[in-house]
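Student: Numbering (the numbering used here), first residue to last: 12 to 286.
1. Would you kindly check if the distance between the Cβ of residue 142 and the Cβ of residue 164 is under 8 Å?
2. Looking only at its own chain, which residues have a Cβ that is under 6 Å from the Cβ of residue 37, when we skip the five neighbours before and after it?
3. Is the beta carbon of residue 191 closer than 8 Å to that of residue 244?
4. Is residue 273 near residue 239, with beta carbons less than 8 Å apart?
5. Apart from the five residues just before and just after residue 29, which ones in its own chain have a Cβ nearer than 8 Å to its Cβ?
6. Does DSSP put residue 186 in a helix, a strand or coil?
7. Starting from the C-beta of residue 231, find all residues in its chain whose C-beta is less than 7 Å away, skip the five residues before and the five after it, and write them out in chain order.
8. Candidates 263, 201, 70, 75: which alpha carbon is nearest residue 135's?
9. Would residue 257 be called buried (16 or more neighbouring beta carbons within 10 Å of its own) or exposed?
10. Measure from the alpha carbon of residue 26 to the alpha carbon of each residue in 50, 168, 153, then state which is nearest.
11. Check for me: the alpha helix (DSSP H) holding residue 218 runs from which residue to which?
12. Given the structure, does residue 277 come close to the ligand SAH, in the sense that its CB is under 7 Å from one of the ligand's heavy atoms?
13. To test your reading of the DSSP string, which unbroken alpha helix (DSSP H) runs of 4 or more residues are found completely within the stretch 55–101?
14. Just verifying my parser: in three-state terms, what is the DSSP assignment at residue 153?
15. Roughly how many whole angstroms lie between the Cα atoms of residue 95 and residue 81?
16. Can you say whether residue 247 is buried or exposed, counting buried as having 16 or more other CB atoms within 10 angstroms of its CB?
17. By a C-beta neighbour count over all protein chains shown, 10 Å radius and 16 as the cutoff for buried, is residue 93 buried or exposed?
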């Protein structure tokens, strides 16, 4: 099977799985991103291990499960008492204390890199649940179906990624960040933003929601989605790996496929909370 066919089949199944889960209910959405965040966290620690940072390839993903689950249940309203969020604290403390039992020479670098994964990966994945199942959020932009906010988010992100690649291949000449990702160009970056705005407008038209808010969100998603991609490329380059994993044939790892949400999802939430 050629690489193009393999990539196409994986891509179609990947998109179909996300759309099916987020359109079903909050539980399928929560489980989908629980699995994705856990695998992405594991891949992150594997890359760190290339530099002998963080020994937490087992306990770290477990803590991701605990923190993601508590945050997501709180975000979608199943947990209403915010005191339960403080159950996160003991697991964070254990992450610190376990360095006492390792023989590494850089304990605080290990602790810092381990905790950073929870901020960098776990929190953005948990936020996706808040974006989709918080009534106040989707009412602000006049959406009748709550899950369609998350659908629009991913459609814009995928459009930006795809069209940045196509535009860059067709007319790209000026390198964006050659030190980090030699293949990305300014032309591709601008092309991705342009087509993401078009996708946002069309989505607002067909869902009869606010075009203004969708266009602003498209700018946030496309710009910070690209920066999230570059940030993950920097991580991989530091670990001297091409892909974060190989779980998705032709596409690399889970972290490779979701790197665009890591910076954009929290900022989209900030925008929606303060408009």
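For every residue, glycine included, the Cβ atom is placed at its ideal position computed from N, Cα and C.
Tutor: Short version:
1. Residue mapping note: residue 164 aligns to position 153 of the chain shown, counting from 1. Residue mapping note: residue 142 aligns to position 131 of the chain shown, counting from 1. For residue 164 and residue 142, yes; Cβs fall inside 8 Å.
2. Along the chain shown, read from residue 1 onward, the residue named residue 37 stands at position 26. Here the set comprises 87, 144.
3. Your numbering for residue 244 matches position 233 in the chain shown. Your numbering for residue 191 matches position 180 in the chain shown. Yes, these two residues count as a Cβ contact at 8 Å.
4. For the purposes of this step, residue 273 is taken as residue 262 along the chain shown, with counting starting at 1. For the purposes of this step, residue 239 is taken as residue 228 along the chain shown, with counting starting at 1. Yes, these two residues count as a Cβ contact at 8 Å.
5. If you number the chain shown from 1, residue 29 lands on position 18. Closer than 8 Å at the Cβ level, and outside the excluded window around residue 29, lie 43, 165.
6. On the chain shown, position 175 is the one that residue 186 refers to. Strand at residue 186.
7. Here residue 231 refers to the residue found at position 220 when the chain shown is read from its first residue. Excluding residues within five positions, the ones whose Cβ falls inside 7 Å are 275, 278, 279, 282.
8. In the chain shown, residue 135 corresponds to position 124, counting from 1. Comparing Cα positions, the closest option is 75.
9. Locating residue 257 in the chain shown gives position 246, where the first residue counts as 1. Answer is exposed; the Cβ neighbour count stays below 16.
10. For the purposes of this step, residue 26 is identified with residue 15 of the chain shown, where counting begins at 1. Minimum Cα distance to residue 26 is reached at 168.
11. Here residue 218 refers to the residue found at position 207 of the chain shown. Taken as a continuous stretch (DSSP letters only), the alpha helix (DSSP H) holding residue 218 covers 197–218.
12. As far as ligands go, the structure on display features none, and thus does not contain the ligand SAH.
13. 70–86
14. Here residue 153 corresponds to residue number 142 of the chain shown, with the count starting at 1. Residue state, collapsed to three classes: coil.
15. To locate residue 95, count along the chain shown from 1; it is residue 84. To locate residue 81, count along the chain shown from 1; it is residue 70. Roughly 8 Å separates the two Cα atoms.
16. The count along the chain shown starts at 1 and reaches residue 247 at position 236. By the neighbour-count rule (16 or more Cβ atoms within 10 Å), residue 247 is buried.
17. Numbered from 1 along the chain shown, position 82 holds the residue referred to as residue 93. By the neighbour-count rule (16 or more Cβ atoms within 10 Å), residue 93 is not buried but exposed.
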